[in-house]
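Structure below.
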């Protein structure tokens, strides 16, 4: 049976690639992948994490506007990393869709996983999720409330 291997990269539209490059490198630790060169006709970049298993293609589009119907790109991490991501996003003053700065009370408890939703400077939505649910509920004192 024909099947897909894995996701190679996700395309993200932004209004300013230079601003996006700085934010994605500083906040998410993604750096330009030197294997991908631009031809000068398009202002874009391929970003990757250190292991190369997460790649985002950042493309400049002056008309880029996030849609409320647009889904989020979700990254999965372990429980301890999840806690560290909360703190990192808080230090960077990253916000959610409602404009609230990310903090430990921003975590959504989905009963078998925890999620943290945020946006880049252009409104593109992201999530960091962890399936270390029981451990995180204890650490964050979530009380088992289901997020909607």
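In my numbering, the protein residues as written are 113 to 260.
Using N, Cα and C, we set each Cβ at its ideal position, and we do this for glycine too.
By the DSSP assignment, the alpha helix (DSSP H) with residue i in it spans what residues?
i: residue 194; result: 191-203
i: residue 159; result: That residue, residue 159, is in no alpha helix (DSSP H); its beta strand (DSSP E) goes 156-160.
i: residue 261; result: This structure leaves residue 261 out entirely; the chain is present only between 113 and 260.
Take residue i and list the residues in its own chain whose beta-carbon comes closer than 7 Å to its own, dropping the five residues that flank it on each side.
i: residue 186; result: 239 and 241
i: residue 131; result: 233
By how many angstroms is the C-alpha of residue j removed from the C-alpha of residue i?
i: residue 142; j: residue 189; result: 15 Å
i: residue 260; j: residue 252; result: Note that residue 260 has pLDDT 42, beneath the 50 cutoff, so the model's placement of it is unreliable and the number below is only indicative. Approximately 18 Å between the Cα atoms of the pair.
i: residue 144; j: residue 213; result: 27 Å
i: residue 198; j: residue 157; result: 26 Å
i: residue 236; j: residue 118; result: 22 Å
i: residue 201; j: residue 175; result: 27 Å
Would you mind reading off the limits of the beta strand (DSSP E) that contains residue i?
i: residue 168; result: 167-172
i: residue 123; result: 122-126
i: residue 186; result: 185-188
CB-CB under 8 Å to residue i, same chain, minus the five flanking residues each way: which ones, in chain order?
i: residue 155; result: 129, 171 and 172
i: residue 135; result: 232 and 233
i: residue 166; result: 142, 160 and 187
i: residue 207; result: 213, 214, 230 and 231
What does a CB cutoff of less than 6 Å around residue i pick up in its chain, not counting 5 residues either side in sequence?
i: residue 254; result: 221
i: residue 205; result: 213
Inset, instruction - Scan the region 210-247 and note each continuous beta strand (DSSP E) run of 3 residues or more that stays entirely inside, going in chain order. - result: 226-231 and 237-242
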